[in-house]
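Asker:
There are 2 protein chains.
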Amino acid sequence: MHMGHHGWQGNPPGTEHEARRRIVKAATACIDRAGLAKTSLSDVAQEAGVTRQTVYRYFPRLTDVLSAVAIAGAEEFAGRMEQHLAAFTSATEVAVESVVFGVRTVPREPYLGLLLQAGEGDFFTDAVTSAQWFALGARILRNVPVDWASAGVTTDDDFAGLAEVLMRLFLSFLQHPSAPTVTDDQLRTLVRRWIGPALRGPIGRV
Amino acid sequence: MHMGHHGWQGNPPGTEHEARRRIVKAATACIDRAGLAKTSLSDVAQEAGVTRQTVYRYFPRLTDVLSAVAIAGAEEFAGRMEQHLAAFTSATEVAVESVVFGVRTVPREPYLGLLLQAGEGDFFTDAVTSAQWFALGARILRNVPVDWASAGVTTDDDFAGLAEVLMRLFLSFLQHPSAPTVTDDQLRTLVRRWIGPALRGPIGRV
DNA sequence: TCGATCATACAAAGTTGCTTCAAATGTATG
DNA sequence: CATACATTTGAAGCAACTTTGTATGATCGA
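Top line first, the protein sequences correspond to chains A and B. Each residue of the first sequence is one higher than the one before, starting from 1 at the first, in this note's numbering. Each residue of the second sequence is one higher than the one before, starting from 207 at the first, in this note's numbering.
1) Answer yes or no: does any C-beta atom of chain B fall closer than 7 Å to that of ALA198 of chain A?
2) Output, in chain order, the set of chain A residues within a Cβ distance shorter than 8 Å of LEU342 of chain B.
3) Shorter than 7 Å from the beta carbon of LEU291 of chain B to some beta carbon of chain A?
4) In this structure, how does DSSP classify ARG142 of chain A when only helix, strand and coil are distinguished?
5) List, in order along the chain, the chain B residues whose C-beta lies closer than 7 Å to that of GLY161 of chain A?
6) Alpha carbon to alpha carbon, how far is GLU18 of chain A from LEU41 of chain A? Give it in angstroms, no decimals.
7) Does chain B have any CB closer than 7 Å to the CB of VAL144 of chain A?
8) Alpha carbon to alpha carbon, how far is ALA160 of chain A from GLY358 of chain B?
9) Out of A:GLN46, A:VAL106, A:THR105, point me to the one whose CA is closest to LYS25 of chain A's CA.
10) Strictly under 7 Å for the Cβ-Cβ distance: is SER336 of chain B near chain A by that measure?
11) I'd like the list of long-range same chain contacts for GLU82 of chain A, defined as Cβ closer than 7 Å, with 5 residues on each side in sequence excluded.
12) Does ALA91 of chain A pass the burial test, meaning 16 or more other C-beta atoms within 10 Å, or should it be called exposed?
13) Whole angstroms is fine: what's the gap from VAL106 of chain A's alpha carbon to LEU112 of chain A's?
14) Chain A partners of ARG374 of chain B, CB-CB under 8 Å?
15) Assuming LEU291 of chain B is part of the alpha helix (DSSP H), what are its boundary residues?
16) CB-CB under 7 Å to GLU76 of chain A, same chain, minus the five flanking residues each way: which ones, in chain order?
17) With distances taken between CB atoms, is the gap from ARG226 of chain B to TYR264 of chain B smaller than 7 Å?
18) So what's ARG168 of chain A in DSSP terms, helix, strand or just coil?
19) Taking the CB atoms as reference points, tell me whether LEU321 of chain B and PHE330 of chain B lie closer together than 7 Å.
20) Pull up the CB-CB distance for VAL388 of chain B and PHE379 of chain B, whole angstroms please, since I reckon it's below 8 Å.
21) Taking its Cβ as the centre, do 16 or more other Cβ atoms sit within 10 Å of THR360 of chain B, making it buried, or is it exposed?
22) For HIS382 of chain B, I'd like the list of residues in its chain whose CB is within less than 8 Å of its CB, leaving aside the five on either flank, ordered along the chain.
23) Under three-state DSSP, which class holds ILE401 of chain B?
24) Confirm, please, whether the CB-CB distance from ALA27 of chain A to VAL69 of chain A is below 7 Å.
25) Which one of A:ASP64, A:CYS30, A:ALA149, A:PHE170 has the shortest CA to CA distance from VAL128 of chain A?
26) Report the residue ranges of all alpha helix (DSSP H) runs contained in full by the region 238 to 272 of chain B; include only those spanning at least 4 residues, in chain order.
27) Rounded to whole angstroms, what is the Cα-Cα separation between PRO197 of chain A and ARG399 of chain B?
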């Protein structure tokens with residue numbers, strides 16, 4: 001990574017936005033490799049092939065870089081989740097598989113895992129709150145090509161409520177696997193049995 | 207607490223079991239007052255009015271005292287929860303109110319709160335695992351005088367599954383209140399809407 | 001006498017409160 | 001981009017203190 005000595009020194013190739021994106025990508029790579037605690041701004045700058053000052057140009061503080069990493073990670077995850085869920089045709093299956101997908105995928109993404117375990121006051125919690133997670137979940141569900149109306153999910157509140165319950169279950173399984181090894185099928189049975197009935201027939205007031 | 211200089215020194219009043227119970231009670235009081243980190247075996251002994259050696263007589267290690275505290279606390283909590291739930295007559299309401307009761311009650315019990323936040327490898331986690339919590343929940347539900355059969359909950363698996371979902375939701379609300387202040391009614395609506403339908407009519411395979 | 005406790009002592013392990021040194025953050029200037 | 005620098009943070013080492021866990025003999029009541 002010894003670029004910079006004979007290359008361009010003025011305006012970089014690509015837009016400002018591009019440089020910003022490259023820094024976030026570099027930070028993500030560093031965190032994935034060395035962990036959050038062992039990642040310094042110098043490491044990120046080196047990985048991105050820029051100097052520390054350039055990083056400060058786009059992010060006033062180190063925590064802003066990390067917030068951007070968290071948000072970018074969540075967005076990327078949302079995209080993959082949506083893509084994955086598009087393969088299912090019933091509302092119940094989409095609900096079931098969203099939990100399974102989350103439980104199996106998130107632990108492989110170090111910065112997302114950190115995000116979920118973050119405690120009160122943690123800057124990571126400020127970056128993406130659980131409320132934002134629920135909103136993200138609702139957005140994902142809404143975009144999945146399924147006949148939600150016939151499943152009784154129509155209003156924004158319906159999506160928000162369903163997303164919140166599913167997200168809470170999936171967060172819970174990350175922290176309390178319950179058995180040393182929970183199989184995908186055990187997860188499916190649980191969600192299908194206890195959330196599924198709500199997705200058949202109108203939900204209405206209860 | 208300067209007893210011991212002029213009191214009895216031989217066999218104590220009450221049975222062996224009584225002394226053990228008194229130590230657990232004293233430890234609970236200490237933890238409630240000073241917190242887990244600031245509670246030492248000496249404190250517990252002094253609070254119980256015995257010497258450290260007597261504590262060691264009943265509990266080989268300090269962690270055994272704390273395990274006993276955790277288990278006793280969970281049992282006591284289960285008793286109060288069962289009593290509370292006896293006031294409700296429908297299966298759905300029992301499910302709903304069990305979550306509300308848990309969310310509102312547990313934070314007031316320092317040693318239970320610690321238990322729920324305990325991480326992997328924490329001795330508190332060894333004391334009462336999440337699997338034990340789910341089992342406790344199932345036991346509670348089973349004992350509440352409600353016509354579970356007509357709600358579709360009959361087998362041990364039904365109780366275990368329902369208890370697991372409810373416990374997970376309640377644990378989740380402890381850690382992610384979602385909004386700064388979640389009202390009891392918001393909690394009720396969520397659970398009633400997404401778990402309730404499963405408790406009307408037979409559950410069966412899905 | 002027996003069984004449980006008290007009293008005291010003590011080694012090993014863990015905590016706390018520093019001091020010191022290196023690394024990282026944030027800012028300035030050319 | 002490159003270099004320089006004040007301030008903050010983190011890690012490493014170390015001494016004083018606390019706590020754990022164990023041992024041993026004396027005391028008291030049944």
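Think of the CB as a built atom: it goes at the ideal place given N, C-alpha and C, for glycine as much as any other residue.
Answerer: The relevant details are as follows:
1) yes
2) Within chain A, no residue comes near LEU342 of chain B; the closest Cβ sits about 13 Å away, beyond 8 Å.
3) no
4) helix
5) LEU396, ARG399, TRP400
6) 19 Å
7) no
8) 27 Å
9) A:GLN46
10) yes
11) ILE140, ASN143, VAL144
12) buried
13) 6 Å
14) ARG168, LEU169, SER172, PHE173, HIS176
15) 268 to 291
16) none
17) yes
18) helix
19) yes
20) 7 Å
21) exposed
22) none
23) coil
24) yes
25) A:ASP64
26) 247 to 254, 258 to 264
27) 10 Å
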